[in-house]
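Undergrad:
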Amino acid sequence: PAVRTVTSGQIASMPDATVPELLRHTAGVQIRDYGGLGGLKTVNVRSLGSQHTGVFVDGVKVNNVQNGQVDLGRYCSEDLESVSVSSGGPSSLLQSASELASSATVSLRTAFPDFSRPWSLAARAEYGSFSTGSAYLSAMKRLSRRSCLKVTGDCRHTAGDYPFTYTNRYGADTTARRQNSDLTSFQIGPSFLMRSEKSLLHLKGNWYHSDRGLPGPVIRQAGPSLCGDRQRDDDVFIQGNYRYSLRKFSMKFAGKYAYSCCNYLQDTVGNSSSRRLDLHYRQQEACFSAAAAYRHGNFGFSLAWDNTVSCLDSDVSGLSGKRRWSSMLAAQAEYCYKDLSVNASAVYHHALDFSSRASGTSQVSTGAEIRQPDLSCDRISPYLSIRYSLGNFRFLVYWKNSFRLPTFNELYYVAAPSANAAHVLRPETVDQFDFTASYSASAGPWSCGCRADLFYNITEDKIVWLPAANQFVWSAFNYGLVHGYGCTLSMNHSFVFRDFRLDALLDWTYERSEDMTDPQSAWYRGQTAYVPLHSVSAVVSAEYRGWSLSASFIYNSVRYRTSANTDANLLDPYADLDLMVSRKFRDFLKLSVAVTNVTDSHYEIISRYPMPGISYKVVL
Numbered sequence: 242p243a244v245r246t247v248t249s250g251q252i253a254s255m256p257d258a259t260v261p262e263l264l265r266h267t268a269g270v271q272i273r274d275y276g277g278l279g280g281l282k283t284v285n286v287r288s289l290g291s292q293h294t295g296v297f298v299d300g301v302k303v304n305n306v307q308n309g310q311v312d313l314g315r316y317c318s319e320d321l322e323s324v325s326v327s328s329g330g331p332s333s334l335l336q337s338a339s340e341l342a343s344s345a346t347v348s349l350r351t352a353f354p355d356f357s358r359p360w361s362l363a364a365r366a367e368y369g370s371f372s373t374g375s376a377y378l379s380a381m382k383r384l385s386r387r388s389c390l391k392v393t394g395d396c397r398h399t400a401g402d403y404p405f406t407y408t409n410r411y412g413a414d415t416t417a418r419r420q421n422s423d424l425t426s427f428q429i430g431p432s433f434l435m436r437s438e439k440s441l442l443h444l445k446g447n448w449y450h451s452d453r454g455l456p457g458p459v460i461r462q463a464g465p466s467l468c469g470d471r472q473r474d475d476d477v478f479i480q481g482n483y484r485y486s487l488r489k490f491s492m493k494f495a496g497k498y499a500y501s502c503c504n505y506l507q508d509t510v511g512n513s514s515s516r517r518l519d520l521h522y523r524q525q526e527a528c529f530s531a532a533a534a535y536r537h538g539n540f541g542f543s544l545a546w547d548n549t550v551s552c553l554d555s556d557v558s559g560l561s562g563k564r565r566w567s568s569m570l571a572a573q574a575e576y577c578y579k580d581l582s583v584n585a586s587a588v589y590h591h592a593l594d595f596s597s598r599a600s601g602t603s604q605v606s607t608g609a610e611i612r613q614p615d616l617s618c619d620r621i622s623p624y625l626s627i628r629y630s631l632g633n634f635r636f637l638v639y640w641k642n643s644f645r646l647p648t649f650n651e652l653y654y655v656a657a658p659s660a661n662a663a664h665v666l667r668p669e670t671v672d673q674f675d676f677t678a679s680y681s682a683s684a685g686p687w688s689c690g691c692r693a694d695l696f697y698n699i700t701e702d703k704i705v706w707l708p709a710a711n712q713f714v715w716s717a718f719n720y721g722l723v724h725g726y727g728c729t730l731s732m733n734h735s736f737v738f739r740d741f742r743l744d745a746l747l748d749w750t751y752e753r754s755e756d757m758t759d760p761q762s763a764w765y766r767g768q769t770a771y772v773p774l775h776s777v778s779a780v781v782s783a784e785y786r787g788w789s790l791s792a793s794f795i796y797n798s799v800r801y802r803t804s805a806n807t808d809a810n811l812l813d814p815y816a817d818l819d820l821m822v823s824r825k826f827r828d829f830l831k832l833s834v835a836v837t838n839v840t841d842s843h844y845e846i847i848s849r850y851p852m853p854g855i856s857y858k859v860v861l
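Laid out in structure tokens, this is it:
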């Protein structure tokens, strides 16, 4: 009951089966979307913040030491077997220390090929409104009965020039077409898989390139809104993981090296008051993870050790390069007796930040210069859960303590940066309390399941950072104390009779996230930024003899830009309905026609970043 999973079948039935859209239909999950295909898309579970949500690809964490943000828009859903969200404790005894330390996890699992065939080929082509097109290609060759080689690639392009209407709370409106919102990207990734009855080896590489405009927020003014800011990214990584298991003993090893180069260009088009900037940020990361688990009778034990070295260098004036070494040691114990299981774990986290070179130069620092760390942190994060099964019912109650370190942007890349001292920010600490009850049953052609969650979170020294001038420049500060509580309800239903199949999924979330920092403040207990009080999502799909019809619906109630819950900061509720009709030809060809935002509603998820209206696409 601790994990919600979207399977490959559900991915195929979604009108817009991107990773962010899949997660939007998961109870308790919010996606922050800055508009269009090229807009930044990050995940936030139960309003804890995207930096508290660890994103893992095939069990290896995706890190961004600069800003902590992982853009989910770059991941291709066609290459995924499943997308899972865990809002609390471990989903298995054998987990890495990073997975145990995260407040919530999003796990992307690559689809493994079918070993029964000597080779296979998969391709997709898509074209739609606003000159939006994409293509995907995957080729697999079986090398032996137990190994294969797979190569995938995809490319995307959009002009992003969708029309929008923006109206503020005082009635002033702007009708225009989005400018500088284009995106061109491509990626290619080879992978090697070898498996046996007791072991699994998976090696994977990837190169991603993108060039996008940063349109900035919409501000009503006398004339067209112009912004020439651009961002170019080149990311390369290679990773591998190995698993081995016997009846009582299992272990896994994982390693990764990643290099990222980001070029940010701040142009002066339409804004003569800004100065031209052409900045380069280079990140390198190397990580290694090892875990082992042992079961004996009713008891289970595991140990995990993670080490990560992250480096960030830039040509920003007045800033030195930064290095962070992070080490985590985790211990987990589990006791199972009949339908009862108790799980406890603790993660020890040690981290050090160093300056790597003198400000404004490219010279490597001497040993004497790096002995004194810019930041040092030692923390222990405990966890305790109790699970109980009673027939078709499952119950789970847990408490989890976790924290996150401030990112390099929050510590060093501030308005008045200092090469010798960190920005004064305290680590953010979270205590999560949760009770979950779930039920599942099936009879003949019917199957159904439902789930209810009650949760309460206490966040101390909460770090909040919101876009200032554009998507690239942020402001960070400690909020103080935030209490979050609420409930989620999820229901799924399936009916299969001969050639007909009907699936339905419904999620509802009620959530309060209150700023408890200053009882004397006029905004005490105000709802924090961008957290809707109510959110509803539904997906319905029907299949019959090669034809399929699917609909997805999203509703979010009113939200506020800040914890100052005034009319000026209010964002209107919105609803989004998508439809798709598909037809299969033979066994290998499928044609789909999709309409997104059928009602052509004009709304914004992030203030002043309007979302596209109605749009169309054809997928082959």
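Count along the sequence shown from 1, add 241, and you get the number used in my numbering. Glycine is no exception: its CB is placed at the ideal position from the N, C-alpha and C atoms.
(1) Going by DSSP, which residues form a beta bridge with G541?
(2) Using the Cα positions of D224 and Y765, report the straight-line distance between them to the nearest angstrom.
(3) My guess is that L213 and Y483 are in contact by the Cβ rule of under 8 Å, so how many angstroms apart are they, rounded?
(4) Using 8 Å as the cut-off, can you tell me whether the stretch 748-767 makes contact with the stretch 719-726, which would need three or more C-beta pairs spanning the two stretches below that distance?
(5) By Cβ distance below 6 Å, which residues in the same chain neighbour D817 in space, the five residues on each side in sequence not counted?
(6) Between L570 and A342, which are expected to be in contact by the criterion C-beta below 8 Å, what is the C-beta distance as a whole number of angstroms?
(7) Which term fits A835, buried or exposed, when burial requires 16 or more other beta carbons within 10 angstroms of its beta carbon?
(8) Quick check: what's the CA-CA separation for D702 versus S561?
(9) Mind checking E322: buried by the 16 CB within 10 Å criterion, or exposed?
(10) By DSSP, does N504 sit in helix, in strand, or in coil?
(11) Taking the alpha carbon of I846 as the point to measure from, which residue in R273, T248, E262, V244 has its own alpha carbon closest?
(12) What residue does the alpha helix (DSSP H) around G250 start on, and which one ends it?
(13) On the premise that D470 lies in contact with L455, defined as a C-beta separation below 8 Å, what is that separation, rounded to the nearest angstrom?
(14) What residue range is occupied by the uninterrupted beta strand (DSSP E) comprising A218?
(15) Can the beta-carbon of L637 be found closer than 8 Å to that of S622?
(16) Do you know whose CA, among S731, H398, A499, G329, lies nearest F529's CA?
(17) Between the Cα of A417 and the Cα atoms of V860, Y857, M852, L861, which residue gives the shortest distance?
(18) For the candidate residues F674, S683, A678, whose alpha-carbon lies nearest to that of T700?
(19) Run through DSSP, which three-state label would A809 get?
(20) Here's the rule I'm using: 16 or more other beta-carbon atoms within 10 Å means buried, otherwise exposed. How should D841 be labelled?
(21) State the DSSP-derived secondary structure class of L424, mapped to helix, strand or coil.
(22) For a cutoff of 8 Å on Cβ pairs, would you count R849 as touching chain B?
(23) Given a cut-off of 8 Å, decide if P614 and F595 are closer than it, judged by their beta-carbon atoms.
(24) What did DSSP end up calling V588 once you bin it into helix, strand or coil?
(25) Using the Cα positions of R849 and A495, report the straight-line distance between them to the nearest angstrom.
(26) Here's a check: name, in chain order, each residue in its chain whose Cβ is nearer than 7 Å to the Cβ of R265, leaving out the five neighbours to either side.
(27) Go to E651, then tell me how far its alpha helix (DSSP H) extends in each direction, as first and last residue.
(28) State the beta-bridge partners of H843 as determined by DSSP.
(29) So what does N698 bridge to, in DSSP terms?
(30) Go ahead and label E669 buried or exposed: buried means 16 or more other beta carbons lie within 10 angstroms of its beta carbon, across all protein chains shown.
(31) Helix, strand or coil: how does DSSP classify G787 here?
(32) With respect to the beta strand (DSSP E) encompassing P623, which residues constitute its N-terminal and C-terminal limits?
(33) Evaluate contact between the stretch 739-750 and the stretch 769-789, counting only Cβ atoms and requiring at least three cross-stretch pairs below 8 Å.
(34) Looking only at its chain, what residues have a beta carbon closer than 8 Å to the beta carbon of S432, apart from the 5 residues adjacent to it on each side?
(35) Among R419, R365, S789, K382, whose alpha-carbon lies nearest the alpha-carbon of G280?
(36) Roughly how many angstroms lie between the CA atoms of S385 and F490, to the nearest whole one?
TA: This is what the structure holds:
(1) R536, E575
(2) Absent from the model: residue 224. The displayed extent of the chain is 242 to 861, so no value can be given.
(3) The structure shown does not extend to residue 213, since the chain spans only 242 to 861, so no value can be given for it.
(4) yes
(5) I795, N838
(6) The pair is not a contact, with the Cβ atoms about 10 Å apart (cut-off 8 Å).
(7) buried
(8) 26 Å
(9) exposed
(10) strand
(11) R273
(12) 249-254
(13) 4 Å
(14) In this structure the chain extends from 242 to 861, so residue 218 is not present and cannot be described.
(15) no
(16) A499
(17) M852
(18) F674
(19) helix
(20) exposed
(21) strand
(22) Checking the listed chains, one finds no chain B in this structure; it contains a single protein chain.
(23) yes
(24) strand
(25) 41 Å
(26) I272, S778, I795
(27) 649-652
(28) Answer is none; H843 lacks a bridge partner.
(29) Q673, G725
(30) buried
(31) coil
(32) 616-631
(33) yes
(34) T351, L390, K391, V392, T393, H443, L444, K445, G446
(35) R419
(36) 27 Å
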